[in-house]
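Chemist:
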Amino acid sequence: MSTRNPRVRLVLVTVVTALYAVSVSCGGGGGGGGGPKPLVPTFTPSNASPGADTVSMQAGTVSGETFNVDIRVTDTNAFFGAAFSVTFDPAVLRYNGMGDAASFLRDNGAVPYFQASQSPAGTIVAVATRKNPDPGVDVTGTRTLVQLSFTALKTSAGSPMAFSGSLEVCSDAIDPQTNQCVPITVTWSGGTARVN
Amino acid sequence: MTATRLPVLLLAGALAVLPAAAGIKYVNKSGDDATADGTPAHPFLTIQAALDAAASGDEIRVGVGTYNECPVMAINDLILVSEESIQSGTNASTIIDATGACAPGDLGGVSLSHLSELRGFTVRGASVSGVYGFGSVRITNNLIRNNSADLGAGVYLYAFPDYPASVTTYVEDNTIDSNTAATEGGGVWVYTQAVSGQSRSYRIEGNTIRNNSASLRGGGILAFSSTGIGGSAAIRITRNTIQGNGTQTAGATYYAGGGGVYASTFGYGTETIEIDNNTISTNDSADIGGGAMAWAQALGDAQHTLDVHDNAFSGNTSVYDGGGADIRLRAVDLSFGNAPSMQVEVAGNTFTGNSTQDPQYFGGGGLLASVETYRTTRTQFGFRLRSNQFVGNTAPVAAGLSMYVVADDENPQVANEFSPTEAAIDSSNNLVANNVAQDPGGGTFGGGLAAFLTAVGDATAQADVDLATVGGNTADLTGGIEISPFTDVGATSGVEGLADFTLSNSIVSSNVGIGVGGPGGANLTTDFAYNDVFGNSGGNFENTLTDPTGTQGNVSVEPDLDPDYFPSECSPTIDAGDPAADYSMEPEPNGRRINMGDLGGTTLAVPALADVDGDAAVDGVDVLRIATSFGTTTGQVGFLDAADLDRNGVVDGDDLSYVAADFGHRCP
Chain H
14 MSTRNPRVRL
24 VLVTVVTALY
34 AVSVSCGGGG
44 GGGGGPKPLV
54 PTFTPSNASP
64 GADTVSMQAG
74 TVSGETFNVD
84 IRVTDTNAFF
94 GAAFSVTFDP
104 AVLRYNGMGD
114 AASFLRDNGA
124 VPYFQASQSP
134 AGTIVAVATR
144 KNPDPGVDVT
154 GTRTLVQLSF
164 TALKTSAGSP
174 MAFSGSLEVC
184 SDAIDPQTNQ
194 CVPITVTWSG
204 GTARVN
Chain G
15 MTATRLPVLL
25 LAGALAVLPA
35 AAGIKYVNKS
45 GDDATADGTP
55 AHPFLTIQAA
65 LDAAASGDEI
75 RVGVGTYNEC
85 PVMAINDLIL
95 VSEESIQSGT
105 NASTIIDATG
115 ACAPGDLGGV
125 SLSHLSELRG
135 FTVRGASVSG
145 VYGFGSVRIT
155 NNLIRNNSAD
165 LGAGVYLYAF
175 PDYPASVTTY
185 VEDNTIDSNT
195 AATEGGGVWV
205 YTQAVSGQSR
215 SYRIEGNTIR
225 NNSASLRGGG
235 ILAFSSTGIG
245 GSAAIRITRN
255 TIQGNGTQTA
265 GATYYAGGGG
275 VYASTFGYGT
285 ETIEIDNNTI
295 STNDSADIGG
305 GAMAWAQALG
315 DAQHTLDVHD
325 NAFSGNTSVY
335 DGGGADIRLR
345 AVDLSFGNAP
355 SMQVEVAGNT
365 FTGNSTQDPQ
375 YFGGGGLLAS
385 VETYRTTRTQ
395 FGFRLRSNQF
405 VGNTAPVAAG
415 LSMYVVADDE
425 NPQVANEFSP
435 TEAAIDSSNN
445 LVANNVAQDP
455 GGGTFGGGLA
465 AFLTAVGDAT
475 AQADVDLATV
485 GGNTADLTGG
495 IEISPFTDVG
505 ATSGVEGLAD
515 FTLSNSIVSS
525 NVGIGVGGPG
535 GANLTTDFAY
545 NDVFGNSGGN
555 FENTLTDPTG
565 TQGNVSVEPD
575 LDPDYFPSEC
585 SPTIDAGDPA
595 ADYSMEPEPN
605 GRRINMGDLG
615 GTTLAVPALA
625 DVDGDAAVDG
635 VDVLRIATSF
645 GTTTGQVGFL
655 DAADLDRNGV
665 VDGDDLSYVA
675 ADFGHRCP
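From first to last, the protein sequence lines stand for chains H and G.
Number 209 marks the last residue of the first sequence (the numbering used here); no jumps.
Number 682 marks the last residue of the second sequence (the numbering used here); no jumps.
This is the structure in structure tokens:
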């Protein structure tokens, strides 16, 4: 039977998983406890209640050993885009990619630009921005800019995750002297990943 | 005088008024010449009998078997083809074995007349040329082997200077193997002659020419072009495999050598020789030009072109000069003509693993390029070396590339009549790497390249090396570049000649020995601009030269090249060439400035890092700069010049794509 259709493969995985669950719940398999213990990641932000003009890491969804760190913006006017880097311990976490589907930059049908790349290992270089002539976004409360996905690789009592490198937030105003954006001064706030 | 059947052939051709209708005549080993009518039911036994019975336009089809004869076409316009060739494209089983069969005066194992064709035979054993072709012939898909002659042991091609008026000849897809010429042209011999109003075109294409030999020149191919005023000749040698051929005579003159190919123009008309896309390997010359010897010499008002491009020269050897190839231009009193022109270009070739031996000459393990002019100004000629690779060759001197330039205003004719005499070689975009100058006697120099500049009288000998990468070469003295001038005062003019060397936009690094040097002295001028000369074990510049580092854009920094001499995107040689040089061919973003090195100015140049904010890293800030000025054009509010990476006057998706491609890259 071909399994090239991913939908078929998903069904198979679901069935196999269901059968495994049934066998465990029925006491099948005898002996138990021989496999590796699943890792359980959690993310704790440095500031769970950020103030205005803050770009922060916040805990996102968790699915097994994979979890998201949301990059969120709090109470900022004319937010046009942000450039940032995130550092983490690549021995503890594997970076999977950056999600932008929920980004507030997409408000009002705008087509923003997102890119992220891990280089070198343990450093994610990222950007999320609108493009001229789209206006900046007035962010009220705390909203999600992008989401970074990680998978836990080994246990850690506390692995720091921090913003680093060239950090910049642009407003939609242009400095006529430099033809560059007028920056918004923000506070950058990271967090810690724990893996049990 | 030895009689030949050639005059008969010509007379018959000339008198043919109404050719018979084209037909097919058959030959096979069960035929009978006495009763044959050429039909399948009554074929001829011999090829000669069928040819004798044929009319112009006929096709003679020959069955498999061995035919011990030397067939001669006595009329023009015939097709001689093997049945196996028609049926399966092969040639091994239909054999014309000329051993002991040729009559006195026969010129070939098979003699082809004007407008005729030979296809699908094995031709062997002739003590004259294997195949002789007169006028326009087509020789296709034959195996021509083990023939011996004075000239053109495998194939001999000829036409009179004035007959036929037009010649178009093809030698295609043959294997020409193990033929031996007592003088020249072991595999193929072509001699074009054309007088006013006549044209000659010879194409030698797609053949395998191997293991042939000639005593004097042209072990594999000899192609000789000679025209009178108003005549035209073109020889194209293309897509052949020319391998294991050789010459044996060490004459040490211009007129010997060319283990694989010897090609020459010489005349007053329009002549073109093109050698392109061949694989030329493991040929050997006891004189010069192991793989190929090609030279152009125009007379009077001539227009000559010699174009050697996109060939692979490897593993060839010579005794004196030009292990891979020896390419020369010689101009004597060209100003006597109305608008003479000689153009030689050597471009896109690779020269790898070739060698030449004798330390008393001018070396050129990969290539010896030579220009000699006598009372001729530069407007009359051009010699260009462009986008070649010289890698891993050996010679006692000038292991990769030898540039031998002679300008003589004195000897032997009237001095100063067309002063100043000029001789020059222009080199650009060449890679010269990992060559070794070696000799048991020591004192080797020019591990990469050497420029021998000789000027006598009111004359200038010049070599211009632009956009070169010279790296990893080895010599006892100058591992990278040797500048060797010789100038003398003209006996008549009292003026001393000038040797002039220019090095620009080039990288000279990691050579074993001195980077750039020479003996100095003589009347030498040098110009160094926008070069990176770095990390040469014997010092970057010999003390006979003034070290130009820090002036005219010259630097000495690690060029950051990979083992194939390809610069990294962080190389300081990127966008560091002459700001006035043409960068337009470099891929975007090209920084609006040419790169140093052999890839500079080309489509293969390494693009500048798409670093908008100039911090040596491509990151989100660079994207922000583009995003905030996105869609703006030059002069508009918000237009950021640095964000317009491709300099097209608008910040757009292309610019964003350049940043996207480099995103996350960082230079140390």
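Just so you know, even glycine gets a beta-carbon here, dropped at the ideal spot from N, CA and C.
Am I right that Ala-141 (chain H) and Leu-166 (chain H) are in contact with their C-beta atoms under 8 Å? What's the rounded C-beta distance?
Modeler: Within the first sequence, the letter at position 128 stands for residue 141 (chain H). Within the first sequence, the letter at position 153 stands for residue 166 (chain H). So it is not a contact: roughly 26 Å between Cβ atoms.
Chemist: Using 8 Å as the threshold, is the stretch 487-494 of chain G in touch with the stretch 547-562 of chain G, meaning 3 or more CB pairs across them?
Modeler: As far as the Cβ criterion goes, the stretch 487-494 of chain G touches the stretch 547-562 of chain G, which means the pair count is three or higher.
Chemist: DSSP puts Lys-39 (chain G) in a beta bridge; with which residues?
Modeler: Here residue 39 (chain G) refers to the residue found at position 25 of the second sequence. Answer by DSSP bridge pairing, in chain order: G:Ile-74.
Chemist: Where does Asp-151 (chain H) land, buried or exposed, given buried means 16+ other C-beta within 10 angstroms?
Modeler: One-based indexing of the first sequence puts residue 151 (chain H) at position 138. Asp-151 (chain H) should be labelled exposed.
Chemist: Run through chain G and tell me which residues come within less than 7 Å of Gln-193 (chain H), C-beta to C-beta.
Modeler: As a working mapping, residue 193 (chain H) is identified with position 180 in the first sequence. Those within 7 Å of Gln-193 (chain H) in chain G are Arg-639, Thr-642, Leu-654.
Chemist: Out of G:Glu-424, G:Gly-283, G:Met-599, which has the shortest C-alpha to C-alpha gap to Pro-354 (chain G)?
Modeler: Start at 1 with the first residue of the second sequence, and residue 354 (chain G) comes out as number 340. Looking at the Cα atoms, G:Gly-283 is the closest of the given residues.
Chemist: Candidates G:Asn-90, G:Ala-112, G:Thr-136, G:Ser-125: which alpha carbon is nearest Thr-104 (chain G)'s?
Modeler: Along the second sequence, read from residue 1 onward, the residue named residue 104 (chain G) stands at position 90. Measuring from the Cα of Thr-104 (chain G), the nearest candidate turns out to be G:Thr-136.
Chemist: Under three-state DSSP, which class holds Trp-118 (chain H)?
Modeler: In the first sequence, the residue the question calls residue 118 (chain H) occupies position 105. The sequence shown places Leu at residue 118 (chain H), rather than the Trp named in the question. Helix.
Chemist: Count the other CB atoms within 10 Å of the CB of Val-651 (chain G); is the residue buried (16 or more) or exposed (fewer)?
Modeler: One-based indexing of the second sequence puts residue 651 (chain G) at position 637. Burial call: exposed.
Chemist: Run down chain H in chain order and give the residues with a C-beta less than 8 Å from the C-beta of Asp-633 (chain G).
Modeler: The residue you call residue 633 (chain G) lines up with position 619 of the second sequence. The answer, in chain order, is Ala-96, Ser-98, Val-138, Val-140, Gly-178, Ser-179.
Chemist: In terms of alpha-carbon separation, which member of G:Asp-111, G:Ala-106, G:Gly-71 lies closest to Pro-85 (chain G)?
Modeler: By one-based count along the second sequence, residue 85 (chain G) stands at place 71. When each option's Cα is compared against that of Pro-85 (chain G), the closest is G:Asp-111.
Chemist: Pull up the distance between the alpha-carbon of Leu-613 (chain G) and that of Gly-396 (chain G), whole angstroms please.
Modeler: On the second sequence, residue 613 (chain G) is found 599 positions in, with the first residue counted as 1. On the second sequence, residue 396 (chain G) is found 382 positions in, with the first residue counted as 1. Between Leu-613 (chain G) and Gly-396 (chain G), the C-alpha separation is close to 22 Å.
Chemist: Are Gly-204 (chain H) and Met-174 (chain H) touching if we call contact CB-CB under 8 Å?
Modeler: The residue labelled residue 204 (chain H) in the question sits at position 191 within the first sequence. The residue labelled residue 174 (chain H) in the question sits at position 161 within the first sequence. For Gly-204 (chain H) and Met-174 (chain H), yes; Cβs fall inside 8 Å.
Chemist: Chain G beta carbons: is any one of them nearer than 8 Å to that of Pro-146 (chain H)?
Modeler: As a position in the first sequence, residue 146 (chain H) is number 133, starting the count at 1. For Pro-146 (chain H), the answer is yes, since a Cβ of chain G falls inside 8 Å of its Cβ.
Chemist: In angstroms, rounded to a whole number, what distance separates the CA positions of Asp-188 (chain H) and Glu-181 (chain H)?
Modeler: Counting from 1 along the first sequence, the entry for residue 188 (chain H) is found at position 175. Counting from 1 along the first sequence, the entry for residue 181 (chain H) is found at position 168. Taking the straight line joining both Cα atoms gives about 15 Å.
Chemist: Which same chain residues, not among the five before or five after Ala-429 (chain G), have their C-beta less than 7 Å away from its C-beta?
Modeler: For the purposes of this step, residue 429 (chain G) is taken as residue 415 along the second sequence, with counting starting at 1. With a pLDDT of only 45 at Ala-429 (chain G), under 50, the local geometry of the prediction cannot be trusted, and the value read off the model is given with reservation. Around Ala-429 (chain G): Asp-423, Gly-471, Gly-504, Thr-506, Ser-507.
Chemist: Apart from the five residues on each side of it in sequence, which residues of its chain come closer than 8 Å, Cβ to Cβ, to Ser-202 (chain H)?
Modeler: Taking the first residue of the first sequence as 1, we reach residue 202 (chain H) at position 189. Within the same chain, Ser-202 (chain H) has close Cβ partners Pro-58, Ser-59, Asn-60, Pro-63, Thr-67, Val-68, Ser-69, Met-70, Phe-176.
Chemist: List the residues of chain H whose Cβ lies closer than 9 Å to the Cβ of Val-322 (chain G), in chain order.
Modeler: Numbered from its first residue, the second sequence carries residue 322 (chain G) at position 308. Chain H residues near Val-322 (chain G): none, gap ~45 Å exceeds 9 Å.
Chemist: Under 8 Å Cβ to Cβ from Val-346 (chain G), same chain only, skipping five residues before and after it: list those, please.
Modeler: Numbered from 1 along the second sequence, position 332 holds the residue referred to as residue 346 (chain G). Taken in chain order, the residues that qualify are Gln-311, Leu-313, Thr-387, Tyr-388, Arg-389, Thr-390.
Chemist: Taking the C-alpha atoms as reference points, what is the distance between Ile-223 (chain G) and Ala-248 (chain G)?
Modeler: If you number the second sequence from 1, residue 223 (chain G) lands on position 209. If you number the second sequence from 1, residue 248 (chain G) lands on position 234. Between Ile-223 (chain G) and Ala-248 (chain G), the C-alpha separation is close to 20 Å.
Chemist: Note down, in chain order, each residue of its chain lying with its Cβ closer than 8 Å to the Cβ of Gly-377 (chain G), except the 5 sequence neighbours on either side.
Modeler: For the purposes of this step, residue 377 (chain G) is taken as residue 363 along the second sequence, with counting starting at 1. Excluding sequence neighbours, Gly-377 (chain G) sits near Asp-335, Thr-370, Ala-409, Pro-410, Val-411, Ala-412, Ala-413, Ser-416, Ala-451, Gly-460, Ala-464.
Chemist: By the criterion of Cβ-Cβ separation under 9 Å, what are the contact partners of Ala-6 (chain G) in chain H?
Modeler: Since the first residue of chain G shown is 15 and the last is 682, residue 6 (chain G) is not available in this structure.
Chemist: Considering only C-alpha positions, which residue in the set G:Gly-166, G:Tyr-205, G:Ser-239, G:Gly-245 is nearest to Ser-227 (chain G)?
Modeler: Position 213 of the second sequence holds residue 227 (chain G). Minimum Cα distance to Ser-227 (chain G) is reached at G:Gly-166.
Chemist: In terms of alpha-carbon separation, which member of G:Thr-648, G:Arg-680, G:Pro-533 lies closest to Gly-628 (chain G)?
Modeler: On the second sequence, position 614 is the one that residue 628 (chain G) refers to. Among G:Thr-648, G:Arg-680, G:Pro-533, the Cα nearest to that of Gly-628 (chain G) belongs to G:Arg-680.
Chemist: Report yes if the C-beta distance between Thr-683 (chain G) and Gly-147 (chain G) is below 8 Å; otherwise report no.
Modeler: Within the shown structure, residues of chain G are numbered from 15 to 682, placing residue 683 (chain G) beyond reach of any answer.
Chemist: Tell me the DSSP secondary structure of Gly-634 (chain G) in three-state form.
Modeler: Start at 1 with the first residue of the second sequence, and residue 634 (chain G) comes out as number 620. Helix at Gly-634 (chain G).
Chemist: For chain G, check one thing: does any of its Cβ atoms lie closer than 8 Å to the Cβ of Ser-130 (chain H)?
Modeler: Translated into the one-based positions of the first sequence, residue 130 (chain H) becomes position 117. Yes, contact with chain G.
Chemist: Start and end of the alpha helix (DSSP H) containing Tyr-672 (chain G)?
Modeler: Indexing the second sequence from 1 puts residue 672 (chain G) at position 658. Where Tyr-672 (chain G) is concerned, the enclosing alpha helix (DSSP H) stretches over 667-676.
Chemist: Taking a Cβ distance cut-off of 8 Å, strictly less, list which residues of the stretch 89-123 of chain H are near chain G, in chain order.
Modeler: Answer set for the stretch 89-123 of chain H: Phe-93, Gly-94, Ala-95, Ala-96, Phe-97, Ser-98.
Chemist: Does the separation of the CB atoms of Ile-294 (chain G) and Ile-341 (chain G) fall below 8 Å?
Modeler: Indexing the second sequence from 1 puts residue 294 (chain G) at position 280. Indexing the second sequence from 1 puts residue 341 (chain G) at position 327. The answer is no: Cβ separation not under 8 Å.
Chemist: Please go through the same chain and pick out, in chain order, the residues whose beta-carbon is closer than 6 Å to the beta-carbon of Asp-324 (chain G), but skip the five residues on each side of it.
Modeler: Taking the second sequence and counting its residues from 1, one reaches residue 324 (chain G) at position 310. Taken in chain order, the residues that qualify are Asp-290, Asn-291, Gly-362.
Chemist: What residue range is occupied by the uninterrupted beta strand (DSSP E) comprising Ile-243 (chain G)?
Modeler: By 1-based counting over the second sequence, the position of residue 243 (chain G) is 229. Taken as a continuous stretch (DSSP letters only), Ile-243 (chain G) belongs to no beta strand (DSSP E), as it is neither H nor E.
Chemist: Between Leu-481 (chain G) and Gly-611 (chain G), which are expected to be in contact by the criterion C-beta below 8 Å, what is the C-beta distance as a whole number of angstroms?
Modeler: Position 467 of the second sequence, counted from the first residue, corresponds to residue 481 (chain G). Position 597 of the second sequence, counted from the first residue, corresponds to residue 611 (chain G). Confirmed, Cβ separation roughly 7 Å.
Chemist: List the residues that DSSP assigns as beta-bridge partners of Ser-256 (chain G).
Modeler: Counted from its first residue, the second sequence places residue 256 (chain G) at position 242. At residue 256 (chain G) the sequence reads Ile, which differs from the Ser that was named. BP columns for Ile-256 (chain G) point to G:Ile-223, G:Ile-294.
Chemist: Around the Cβ of His-128 (chain G), are there at least 16 other Cβ atoms within 10 angstroms (buried) or fewer (exposed)?
Modeler: Sequence index remark: in the second sequence, residue 128 (chain G) carries index 114 (1-based). Per the 10 Å Cβ criterion, buried.
Chemist: Beta-carbon within less than 7 Å of Asp-696 (chain G)'s beta-carbon, same chain only, minus the 5 sequence neighbours each way: which residues are those?
Modeler: Outside the shown range of chain G, which is 15 to 682, sits residue 696 (chain G), and nothing can be said about it.
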